[in-house]
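Scroll down for the structure; my scribbles are underneath it.
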Amino acid sequence: MPSAGGRPSTASSAASWRTVARIGSIVDFYFTDSPIRSSRGVWSSNLRRRRALDYDLLAGGIYNAPVHRYHLSLAHTPDDVARTLTLIDGSLAG
509 MPSAGGRPST ASSAASWRTV ARIGSIVDFY FTDSPIRSSR GVWSSNLRRR
559 RALDYDLLAG GIYNAPVHRY HLSLAHTPDD VARTLTLIDG SLAG
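Numbering-wise (this note's numbering), the sequence shown opens with residue 509 and increments by one.
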């Protein structure tokens, strides 16, 4: 997934340990090397790592209920999106 400005993010350069599901402006991250086809796939993914990502975002000032989908709206500015992607990159890096 490219980050703001089209540059590759940590998320896109990481190995196949994650799956991104997206419909319109709703996106969700799953830490698994298997495709998500049902709720069984969600529950067998690494929810601890996903929760850690959500708490890293919260520590950076971005609220998303842990292990819930991300919603993009017209209220989000390009700077909001760039900041979120930067925090996600930081969480995934380490």
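Note that CB positions come from ideal geometry on N, CA and C, so glycine has one too.
Is the distance from the Cβ of residue i to the Cβ of residue j below 8 Å?
{"i": "residue 539", "j": "residue 553", "result": "yes"}
{"i": "residue 533", "j": "residue 561", "result": "no"}
{"i": "residue 535", "j": "residue 544", "result": "no"}
{"i": "residue 565", "j": "residue 572", "result": "yes"}
From residue i to residue j, what distance separates their C-alpha atoms?
{"i": "residue 596", "j": "residue 558", "result": "11 Å"}
{"i": "residue 520", "j": "residue 556", "result": "Only weak support is given to the placement of residue 520: the predicted model assigns it a pLDDT of 46, under 50, and the value that follows is read from those uncertain coordinates. If I take the Cα positions, the gap works out to 20 Å."}
{"i": "residue 542", "j": "residue 594", "result": "25 Å"}
{"i": "residue 578", "j": "residue 546", "result": "18 Å"}
{"i": "residue 584", "j": "residue 529", "result": "20 Å"}
{"i": "residue 570", "j": "residue 601", "result": "18 Å"}
{"i": "residue 576", "j": "residue 587", "result": "22 Å"}
Give the DSSP bridge partners of residue i, in chain order.
{"i": "residue 529", "result": "536"}
What's the call for residue i, buried or exposed, on a 16-neighbour Cβ count within 10 Å?
{"i": "residue 526", "result": "buried"}
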